[in-house]
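Numbered per my numbering, the sequence shown spans residues 9 to 273.
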Amino acid sequence: MKILQISVLVLFVFFCFEKVQAQDYGQKGSTVRILTFNILHGATTNGDFDLDKIAAVINKTDPDLVALQEVDFKTKRAKGYDLATELAWRTKMAPLFGIAMPFDGGAYGEGVLTKMPILSSETVALPHSPGNEPRAALSVLVQLQSGDTIQFIGTHLEHQQNSSDRIGQVKKIVTKFADCPYPTILAGDLNDVPDSEAISILKKDWAESFGNSPQPTYSSDNPERKIDYIFYRPVQRWTVIENKVICDTIASDHCAVFSVLQLNR
Numbered sequence: 009m010k011i012l013q014i015s016v017l018v019l020f021v022f023f024c025f026e027k028v029q030a031q032d033y034g035q036k037g038s039t040v041r042i043l044t045f046n047i048l049h050g051a052t053t054n055g056d057f058d059l060d061k062i063a064a065v066i067n068k069t070d071p072d073l074v075a076l077q078e079v080d081f082k083t084k085r086a087k088g089y090d091l092a093t094e095l096a097w098r099t100k101m102a103p104l105f106g107i108a109m110p111f112d113g114g115a116y117g118e119g120v121l122t123k124m125p126i127l128s129s130e131t132v133a134l135p136h137s138p139g140n141e142p143r144a145a146l147s148v149l150v151q152l153q154s155g156d157t158i159q160f161i162g163t164h165l166e167h168q169q170n171s172s173d174r175i176g177q178v179k180k181i182v183t184k185f186a187d188c189p190y191p192t193i194l195a196g197d198l199n200d201v202p203d204s205e206a207i208s209i210l211k212k213d214w215a216e217s218f219g220n221s222p223q224p225t226y227s228s229d230n231p232e233r234k235i236d237y238i239f240y241r242p243v244q245r246w247t248v249i250e251n252k253v254i255c256d257t258i259a260s261d262h263c264a265v266f267s268v269l270q271l272n273r
């Protein structure tokens, strides 16, 4: 009888171990590798629609989570492709698309790629002036290998230089996610420089991964302005391990921004 009980216990431990091991999706412990990349609706600066070139930039950093901007979903200009899914296939990640507006026979908006399964997601419409392009924030909840749940948000703010829409859009993001109980990362093309009013509002509650050492991200062939960011909150829950700006002059007119963040206990 005791031998039978021990055998059952061994089998139980074995299957439990197998279940834990199955939760290793490639992301390690409480370290998160983050990339944000405006992909120029897949066109490349050559206009040759080379998705392999875009995927190569993503794969170079081996990210756990990717925020994609200027993402087409089955539009005519994107040859009917679902760009988030196409890039997910090329990077061995899971895709999610959040619509900002119907466009060109399909849709246009935000994309997220993740190594980890998505626990939940939400697309949040951001305020915009009449006649200006609709904008959105795409948020997902994912669980790290450490067992911690985090929130990841990708967004793309108003591009017109003198528009006040960015201020309203930042305020909406701050308000919407202020009460989130999980450590949060916000990444995207915010279309404004570090000392602007919109970014200053965001910095009241969020910290930027590059801190006081911003690096320009636009344009990819001659970077002069920082407009692409990775932010995080609460500040004390995260430690920045690494930062990098990746400028591929063909893949996109934007540089990609990469950060490695460590979630603190």
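Think of the CB as a built atom: it goes at the ideal place given N, C-alpha and C, for glycine as much as any other residue.
- With the rule of 3 Cβ pairs closer than 8 Å, the segment 64-79 counts as touching the segment 35-51.
- Between Ile161 and Leu152, the gap from beta carbon to beta carbon reaches 8 Å or more.
- In this model, Gly88 and Arg273 are separated by some 45 Å (Cα to Cα).
- Between Ile193 and Leu269, the C-beta spacing is below 8 Å.
- The closest CA to that of Thr53, considering only Leu271, Ser260, Ala264 and Phe266, is found on Ser260.
- Beta-bridge partners assigned by DSSP to Asn251: Ser267.
- For Glu118, the beta-bridge partners assigned by DSSP are Gly106.
- Contact check for Gly119 against Pro135 fails: the beta carbons are separated by 8 Å or more.
- The beta carbons of Tyr190 and Trp214 sit no closer together than 8 Å.
- Burial state of Pro71 is buried, judged by a 10 Å Cβ sphere holding 16 or more other Cβ atoms.
- If you look at Glu141, you'll find it isn't in any alpha helix (DSSP H); DSSP assigns it neither H nor E.
- Just so you know, the alpha carbons of Thr83 and Ser129 end up roughly 23 Å apart.
- Asp256 and Leu121 have their C-alpha atoms spaced approximately 20 Å apart.
- Bounds of any beta strand (DSSP E) do not take in Glu205; it lies within the alpha helix (DSSP H) bounded by Glu205 to Lys211.
- Contact annotation: Asn140 and Asp173 have beta-carbon atoms nearer than 8 Å.
- Phe81 and Leu73 do not touch by the CB rule: their CB atoms are close to 20 Å apart, not below 8 Å.
- For Leu165, the three-state secondary structure derived from DSSP is coil.
- Cβ-Cβ distances below 8 Å link Val201 to Ile207, Arg233, Lys234 and Ile235 in the same chain, with the five nearest sequence neighbours on each side left out; the list follows chain order.
- Here Asp197 is bridged, per DSSP, to His164 and Asp236.
- Boundaries of the beta strand (DSSP E) around Thr44: Thr39 to Asn46.
- Out of Gln223, Trp246 and Thr247, the CA that lies nearest to the CA of Ile254 is found in Gln223.
- For Ala64, the uninterrupted alpha helix (DSSP H) run begins and ends at Leu59 to Thr69, by DSSP.
- Fully contained in the segment 77-107 are the following alpha helix (DSSP H) runs of length 4 or more, in chain order: 91-99.
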